[in-house]
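Peer 1:
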Amino acid sequence: MGIQVLNNDAALDAIIRNVEYLSQEDKIVIRKMVKNLSESNPERFKNKGDIIISKL
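Take 13 as the starting number for the sequence shown in our numbering and just add one per residue.
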């Protein structure tokens with residue numbers, strides 16, 4: 013996962029719908045990646061990142 017997922021609405025929707033089924037380890041990795049992206053470019057990724065993190 014990376015910038016491509018946050019830029020692709022269909023991929024973002026799929027993650028949001030399915031994140032509850034991920035293992036705890038996968039959720040930790042995704043949280044770190046999304047947080048790093050959101051912090052590196054908040055204007056572009058913070059809103060979408062916050063949505064994903066809220067579902068974790």
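Ideal Cβ positions, reconstructed from N, Cα and C, are used throughout, including at glycine.
Tell me the rounded alpha-carbon separation between residue 24 and residue 31.
Peer 2: Taking the straight line joining both Cα atoms gives about 10 Å.
Peer 1: Which first and last residues belong to the alpha helix (DSSP H) in which residue 35 is found?
Peer 2: Premise fails: residue 35 is in no alpha helix (DSSP H) and is neither H nor E.
Peer 1: Considering only the beta carbon of each residue, do residue 63 and residue 43 sit closer than 8 Å?
Peer 2: No; because the gap between Cβ atoms is not below 8 Å, this pair is not in contact.
Peer 1: According to DSSP, is residue 20 helix, strand or coil?
Peer 2: Residue state, collapsed to three classes: coil.
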